[in-house]
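*Asks:*
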Amino acid sequence: MFLQPDYKIFSNCQTCDDRSCASQILSVPELELLSKNCNEAKFEQGEKILAEGSRTSHIIYLREGLVKEYGKNGLQEEYILQVVKPHSYLGLHSIFSDTNNHYSYAALTPVRVCYIDLNVFSQFIKENGRFGYEILSSVCNDSLNNYHRFIDQHQKKINGKLADAILYFAIVIFGKNKFDLPLSRKELAYLIGTSRESVSKQISVFVKDKIISVDGRNIKILDMNRLQNISKIG
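If you use full-length UniProt numbering, the sequence shown corresponds to residues 1 to 234, in order.
Next up, the structure:
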């Protein structure tokens, strides 16, 4: 099931400046077919885009904003798999397994997405080898990145986990040393597999040691070398 966005309009994929690497491979007739089966929607911060366990008839392409991919364990405790950047697809795992959504997705910032008909998207994968290769590469990269991150979480202490998370946002998500953290302290704890209290205490330690500075949700890395070293040996 899809949550209702603020608005929905039709999209022209041929003139879109936000096309993915995979869709740039599509031919003109394929782009025309994509345009006929693609709708654009807008979500505000905090709104759920996809619900875990629901059946899907569309693939969602993230054009703008940040989205969290998350689930719940047997005790109904939330865990965050990753933060998804623009020009990424949501729900790709449903194509290669079943048509159920295995995770939930919610907007961390205002976002724009495109709903793409699942049958049309699957047709491109089957009939256009280069398109299919790009999609499969995306799924594999996500799986490997999440696997290595979770392995690191189980092997590291809280200082290493938090250092990893800060570097993740600085390098992977934002590409700069100063940024506004899109997660609350509680959500950050869900991302690195610890408690909110542990996150707050370790942030205070990093600030005291002049490794980072914090102003609300704004984080600035003051000593990248020390932070990277903590990440390696933490």
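Backbone N, C-alpha and C fix where the C-beta goes; we use that ideal spot for every residue, glycine too. As the structure is a computational prediction, the values presented were derived from the model and not from experiment.
Terminal residues of the continuous beta strand (DSSP E) containing Cys114?
*Replies:* Val111 to Asp117
*Asks:* Does DSSP put Ile212 in a helix, a strand or coil?
*Replies:* strand
*Asks:* Could you give the distance in angstroms between the alpha-carbon of Ser198 and the alpha-carbon of His87?
*Replies:* One C-alpha to the other measures close to 33 angstroms.
*Asks:* Could you give the C-beta distance for Lys161 and Gly234, rounded to a whole number, given that I count them as a contact under 8 angstroms?
*Replies:* Taking a contact as a CB-CB distance under 8 angstroms, the pair Lys161 and Gly234 counts as one, their CB atoms being some 7 angstroms apart.
*Asks:* Please report whether the beta-carbon of Cys114 lies at a distance below 9 angstroms from any beta-carbon of chain C.
*Replies:* Of the chains in the structure shown, none is chain C; there is only one protein chain.
*Asks:* What whole-angstrom Cβ distance do Gly91 and Ile59 have, given they're in contact under 8 angstroms?
*Replies:* 6 angstroms
*Asks:* Spatial neighbours of residue 236 within its chain, please: C-beta separation below 7 angstroms, excluding the five flanking residues on both sides.
*Replies:* With the chain covering 1 to 234 only, the question about residue 236 has no answer from this structure.
*Asks:* Pick from Val207, Gly53, Glu77 and Gly132: whose alpha carbon is nearest that of Asn159?
*Replies:* Val207
*Asks:* How far does the beta strand (DSSP E) with Asn39 in it extend, from its first residue to its last?
*Replies:* Cys38 to Phe43
*Asks:* Taking the beta carbon of Gly46 as the centre, do at least 16 other beta carbons fall within 10 Å, making it buried, or is it exposed?
*Replies:* exposed
*Asks:* Is Leu50 helix, strand or coil by DSSP?
*Replies:* strand
*Asks:* First and last residue of the beta strand (DSSP E) that includes Lys161?
*Replies:* Segment Ile158 to Leu167 is the alpha helix (DSSP H) holding Lys161; no beta strand (DSSP E) there.
*Asks:* So, do the region 203 to 223 and the region 109 to 123 have three or more beta carbon pairs nearer to each other than 8 angstroms?
*Replies:* no
*Asks:* Kindly list the residues whose CB is nearer than 7 angstroms to the CB of Ser195, restricted to its own chain and excluding five residues on each side of it in sequence; keep chain order.
*Replies:* Ala189
*Asks:* If you reduce the DSSP assignment to three classes, tell me which class Asp98 lands in.
*Replies:* coil
*Asks:* Taking only three categories from DSSP, how would you classify His154?
*Replies:* helix
*Asks:* Could you please give the first and the last residue of the uninterrupted beta strand (DSSP E) stretch that includes Ile219?
*Replies:* Asn218 to Ile221
*Asks:* At which residues does the alpha helix (DSSP H) containing Gln228 begin and terminate?
*Replies:* Per DSSP, the continuous alpha helix (DSSP H) segment holding Gln228 begins and ends at Met224 to Ile233.
*Asks:* Pull up the CB-CB distance for Thr109 and Gly65, whole angstroms please, since I reckon it's below 8 angstroms.
*Replies:* 4 angstroms
*Asks:* What's the gap between the Cα of Glu52 and the Cα of Tyr89?
*Replies:* 16 angstroms
*Asks:* May I have the straight-line CA-CA distance separating Glu69 from Ser27, to the nearest angstrom?
*Replies:* 31 angstroms
*Asks:* Excluding sequence positions up to five away, which residues of its chain have a Cβ less than 6 angstroms from the Cβ of Arg217?
*Replies:* The answer, listed in chain order, is Asp180 and Leu181.
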